[in-house]
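Residue numbers (the numbering used here): 1 to 229.
What follows is a short report on a single structure.
Next up, the structure:
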């Protein structure tokens, strides 16, 4: 993979999607690791030991071993960053301190892509479009959190401008995910009337008065920007 410091995020997303296709979109963490020939074992710390010449090893603490956890997905992502060549290039370009912070963010964002495979996203978008209801559909299909479902839909097309937000029943923003655009509020902001602030946004009122889920869209742009919550 060629390295462009300005396209680290989109390039890694594209790489994950290629790996998922190869793995037949396996969404169970242990089965995915096995399909990709990664060995998972118990140890004192959660850590990945990636390799291009022998079997990559992932170590999990006992309480994370034996079930499909986000911790295992995170460590799988570390192996994928290494395999893609991005790890070496990021450390070389930004130095160890900043570089490892970037890598950690990439691995955290990768969890949403590994847990919610592309066919699930495509089916939800075909059914509901790029809307707040699609986020609900992703949650229903995969049992993920609001934040993870928002991240998955917002970052699915890195060249598009999308933003999602969750407003709780106290009218405060409790979750945000953005790509290539900024919202006029952030986590902790009070937004009593989101329709006034974002008149074109897709809004979905959560049952039992739990709050409002929203999604805003812009156009297709060349400059890529993202910021996790």
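Where is the CB? At the ideal position from N, CA and C, for every residue including glycine.
Computed from a prediction, not measured in an experiment: that's the story for all the values here.
For the beta strand (DSSP E) that residue i lies in, which residues bound it at each end?
i, result
"residue 200", "Run containing residue 200: none; DSSP gives neither H nor E here."
"residue 290", "Only positions 1 to 229 of the chain appear in the structure, and residue 290 is not among them; the question remains open."
DSSP state of residue i, grouped into three classes?
i, result
"residue 218", "strand"
"residue 224", "Note that residue 224 has pLDDT 45, beneath the 50 cutoff, so the model's placement of it is unreliable and the number below is only indicative. Residue 224 falls in the coil class under three-state DSSP."
"residue 16", "helix"
"residue 38", "strand"
"residue 212", "strand"
"residue 43", "coil"
"residue 23", "coil"
"residue 64", "helix"
"residue 9", "helix"
"residue 72", "helix"
"residue 229", "Only weak support exists for where residue 229 lies, its pLDDT of 41 falling under 50; the value from the coordinates is given anyway. In this structure, residue 229 counts as coil in the three-state DSSP scheme."
State the CB to CB distance for the pair residue i and residue j, rounded to an integer number of angstroms; the pair is presumed to be in contact (CB under 8 angstroms).
i, j, result
"residue 90", "residue 102", "5 angstroms"
"residue 106", "residue 12", "5 angstroms"
"residue 123", "residue 73", "Between residue 73 and residue 123 the Cβ distance is about 21 angstroms, and since that is not below 8 angstroms, they are no contact."
"residue 80", "residue 16", "6 angstroms"
"residue 114", "residue 134", "Going by Cβ atoms, the distance from residue 114 to residue 134 rounds to 19 angstroms, so no, they are not a contact pair."
"residue 204", "residue 132", "4 angstroms"
"residue 93", "residue 10", "About 16 angstroms separates the two Cβ atoms, so there is no contact after all."
"residue 167", "residue 199", "Residue 167 to residue 199, Cβ: 15 angstroms. No contact."
"residue 150", "residue 164", "4 angstroms"
"residue 1", "residue 84", "5 angstroms"
Find the nearest neighbour of residue i within the set the options, judged by alpha-carbon distance.
i, options, result
"residue 42", "61, 155, 54, 187", "61"
"residue 20", "32, 9, 10", "32"
"residue 197", "53, 171, 207, 85", "171"
"residue 14", "65, 158, 145", "158"
"residue 169", "192, 144, 87, 117", "192"
"residue 104", "71, 37, 146, 52", "71"
"residue 23", "215, 38, 9", "38"
"residue 190", "211, 203, 161", "211"
"residue 162", "53, 178, 186", "178"
"residue 174", "200, 139, 147, 98", "147"
"residue 118", "3, 202, 141", "141"
"residue 66", "213, 127, 34", "34"
"residue 44", "98, 53, 58", "58"
"residue 214", "202, 206, 78, 208", "202"
"residue 121", "144, 108, 99", "144"
"residue 136", "207, 95, 88", "207"
I'd like the span of the alpha helix (DSSP H) that includes residue i, first residue to last.
i, result
"residue 89", "86-115"
Please specify which runs of the alpha helix (DSSP H), each continuous and at least 4 residues long, are wholly inside the segment 129-182, giving them in chain order. 132-142, 146-154
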